[in-house]
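Protein sequences, first through last, are from chains A and B. First residue of the first sequence: 1078, per the working numbering; consecutive thereafter. First residue of the second sequence: 1078, per the working numbering; consecutive thereafter. Heads up: the structure comes next, in structure tokens.
Protein chains: 2
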Amino acid sequence: MNAVAVAGHCTTKFSAGDIKIESLLFSAAKSLFEQTQNLTQKDIDVVLVSTNDNKKYLAPIISEMSGISPKISHNIESMCNSGTNSIVSAFSYISSGLADVALVVGAERFDSPGQVLEWDLSRGEFRHPVFWASMFTKAHKRKFGTTEEQLAYVSAKNHRNAQDNPSAYDSKKYTIEEIMNSKKLTDDLRLLDCSRPCSGSAAVLLVSEKVARKFTDSPVWIRGIGQKTTSASFTRNDLTRIESTIDASVQAYSMAKTAPDKIDVAEVHDAFTICEMMILEDLGIVQKGHAGKYIVDMYNTESRKINPRGGLIGSGHPLGATGIAQVAEIATQLQANAAGRQVEGAKLGLVQNMSAAATSSTVLILES
Amino acid sequence: MNAVAVAGHCTTKFSAGDIKIESLLFSAAKSLFEQTQNLTQKDIDVVLVSTNDNKKYLAPIISEMSGISPKISHNIESMCNSGTNSIVSAFSYISSGLADVALVVGAERFDSPGQVLEWDLSRGEFRHPVFWASMFTKAHKRKFGTTEEQLAYVSAKNHRNAQDNPSAYDSKKYTIEEIMNSKKLTDDLRLLDCSRPCSGSAAVLLVSEKVARKFTDSPVWIRGIGQKTTSASFTRNDLTRIESTIDASVQAYSMAKTAPDKIDVAEVHDAFTICEMMILEDLGIVQKGHAGKYIVDMYNTESRKINPRGGLIGSGHPLGATGIAQVAEIATQLQANAAGRQVEGAKLGLVQNMSAAATSSTVLILES
């Protein structure tokens, strides 16, 4: 398997803006070109677009807007996990030898049709993601004694981290009390327990080992990849575990020949506060049932190890851009370029992303 | 680069049916399982769905319906060329070593939103594909003296071939006169010069060399891959050449270490009669400007070398399924299983597919 590196990346400012999907995609591609040394249009072999938008042929369109005539160009969609799927697809185009340079651009509008899965009729009118997140929360509380206050610390930490992320949609700081008093949406979740859909985009340039040094002096290598789809519907037995993330992380650690205790920094899919807790447990970063205390400790010690850019709760969640923005953040951290939000000495990073009630997951391990 | 083979394939009956996209996809997956020896759900590492449908998360949905829990699952869209893009993506997942077995399923409904590109505003109200095809036709007539009668032979040949294709949507036989007297749509094109959108699906199983013999005694190897995106808009200087197909074919012949005169059988994207002519010239199968006579000769000698299943004109054109049905047909031919439409002794086959006024193309070379 040929080695593949991240050689360039950018994230645009997330917002509530009513911006055309083509403009969102183009902004990210343009910034990436401006920020990547020696990159010219003719270098690009592959253009992948990650989005849930209904517009068609967006990869050739963004190629034309950017002056690129790639070999390969297509859209990739798998709801919230579209961006990380696109990164893995680009990895495979390069690793197989079909390409040397791939531009992966993700974008979403605030009104994306990918926010609710119109499939699982068993959920009746309770199709919005807040309902499965609420069930996860109730189960975790019952089994492990997780408290509303601990959940609020996830939100407080990620909003605080987002203050040092210039791309974040909502970089307000909230007290634990403010979060616990925010509008109640279900029995178990309040408004500030939730990430918010928004308009935004991100881009990553993946390159083969052969050409990496042309574009960057500090390549970030993709060392581990794990992916798992357990189902499309919300049909789980144990509401306190995310099987797809467990499976994907086992694959990723094995491929990277590493273990959870070696991870210096991670971006995980905190669509809701409970998700960050369950994911940290299911990645093996903290023991099952102990994430509540772990997160309170992180908050109190001002650790930025988990979701240094503010995660989805702090940064906003433009679905198709999210996985790409996560990879861009970890690459920034491993290149020691994260300024005020830098995790000191980070060498090994992890990205976890997932879709639709955690029915599919991707885990990536990156190394500088 | 690890070798990759087609180990199973199927095409459902194309129709005008108002069938749910999930049902179309499932029908193809189910048939593929029934027709492929030793294939079980747990063998599948990757499920890729090719469609222009607006429904989301279809790859996990079709996985769940089929009882599969793959690692990788996502949708791929690039308009008419979605199916062949999906085949190449699956190839790269396997060739890179990330997977051994990939199920690629394509489907489209008759009312697909991928039929007209809502982007190129320079075309004003003339956005329907029939208009660019009409411009191609006029240019070819002017430059090479191509006649309406020669164009009618493409349609007559492909409709005749489709009579032996049990999956074909419209397997009526037409005389040259009937075609030339069919309803005039533009100055240059009549109804029977055009392929028709329809509902249909197809599936292909791609496998690594390591596991190929478990699933088939007659693997068909993907020897050459070429892809090119020239633009998204209809912005070409020479209306008699398809640059994206020329570029893609040069890549594919080079990778397969072969040449156009070695090709025994080909499926090409005859969305309109003029397309088959231009593609045969741009693939180097016939000299530029000579396709008209070549096609009349094929008709008169009853050669099935080009579009043996009837192509898009004879079989119908369910966008996301088309590229996959083309690969299924060439695999069937190279396995000598094509019954009444068999090209005798075919060992080396070619698939050409393209999107949106031929602004992007894929060329594959397959060998038994």
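Idealized CB from N, CA, C, for every residue including glycine.
Exposed unless 16 or more other CB atoms sit within 10 angstroms - verdict on residue i
i               : result
residue 1191(A) : buried
residue 1377(B) : exposed
residue 1250(A) : exposed
residue 1198(A) : exposed
residue 1387(B) : buried
residue 1195(B) : exposed
residue 1300(B) : buried
Inter-residue Cα distance where the pair is residue i and residue j
i               : j               : result
residue 1286(B) : residue 1082(B) : 7 Å
residue 1454(B) : residue 1140(B) : Residue coverage of chain B in this structure runs from 1078 to 1445, which leaves residue 1454(B) outside it and unanswerable.
residue 1280(A) : residue 1221(B) : 45 Å
residue 1253(B) : residue 1226(B) : 7 Å
residue 1330(B) : residue 1403(A) : 39 Å
residue 1350(A) : residue 1185(B) : 38 Å
residue 1096(B) : residue 1193(B) : 21 Å
residue 1432(B) : residue 1200(B) : 16 Å
residue 1411(A) : residue 1084(A) : 12 Å
residue 1124(A) : residue 1176(B) : 22 Å
residue 1413(A) : residue 1422(A) : 8 Å
residue 1143(B) : residue 1348(B) : 32 Å
residue 1338(B) : residue 1087(B) : 28 Å
residue 1093(B) : residue 1106(B) : 20 Å
residue 1098(B) : residue 1202(B) : 29 Å
residue 1026(B) : residue 1317(A) : Because chain B is modelled from 1078 through 1445, residue 1026(B) falls outside the range shown and cannot be assessed.
residue 1155(B) : residue 1442(A) : 29 Å
residue 1205(B) : residue 1157(B) : 14 Å
residue 1147(B) : residue 1367(A) : 30 Å
residue 1289(A) : residue 1236(B) : 51 Å
residue 1256(B) : residue 1374(B) : 18 Å
Collapsed DSSP secondary structure at residue i in the structure displayed
i               : result
residue 1114(A) : coil
residue 1152(A) : strand
residue 1100(B) : helix
residue 1119(B) : helix
residue 1373(B) : helix
residue 1267(A) : strand
residue 1319(A) : coil
residue 1228(A) : helix
residue 1339(A) : helix
residue 1300(B) : strand
residue 1363(B) : coil
residue 1128(A) : coil
residue 1109(A) : helix
residue 1089(B) : coil
residue 1349(A) : strand
residue 1306(B) : strand
residue 1145(A) : coil
residue 1185(B) : strand
residue 1437(B) : strand
residue 1165(B) : helix
Cβ-Cβ distance between residue i and residue j below 8 Å
i               : j               : result
residue 1273(B) : residue 1230(B) : no
residue 1418(B) : residue 1385(B) : yes
residue 1305(A) : residue 1437(A) : yes
residue 1183(A) : residue 1127(A) : yes
residue 1302(A) : residue 1168(A) : yes
residue 1171(A) : residue 1283(A) : yes
residue 1161(A) : residue 1439(A) : yes
residue 1129(A) : residue 1189(A) : yes
residue 1311(A) : residue 1210(A) : no
residue 1269(A) : residue 1207(A) : no
Whole-Å CB distance - residue i paired with residue j, under 8 Å assumed
i               : j               : result
residue 1244(A) : residue 1091(A) : 6 Å
residue 1118(B) : residue 1138(B) : Not quite, the Cβ-Cβ distance comes to about 15 Å (not below 8 Å), so this is no contact.
residue 1152(B) : residue 1292(B) : The pair is not a contact, with the Cβ atoms about 24 Å apart (cut-off 8 Å).
residue 1356(B) : residue 1322(B) : 6 Å
residue 1278(A) : residue 1089(A) : 5 Å
residue 1400(B) : residue 1430(B) : 4 Å
residue 1353(A) : residue 1342(A) : Incorrect: roughly 14 Å between the Cβ atoms, too far for contact.
residue 1078(A) : residue 1173(B) : 6 Å
residue 1214(B) : residue 1369(B) : With a Cβ gap of about 11 Å, residue 1214(B) and residue 1369(B) do not count as contacting.
residue 1444(B) : residue 1298(B) : 5 Å
residue 1427(A) : residue 1340(A) : 5 Å
residue 1166(A) : residue 1392(B) : Contact doesn't hold; Cβ gap of about 29 Å is too wide.
residue 1164(B) : residue 1181(B) : 6 Å
is_contact[residue i, chain D] using C-beta, thresh 8 Å
i               : result
residue 1194(A) : Within the model displayed, chain D is absent; protein chains A and B are what it includes.
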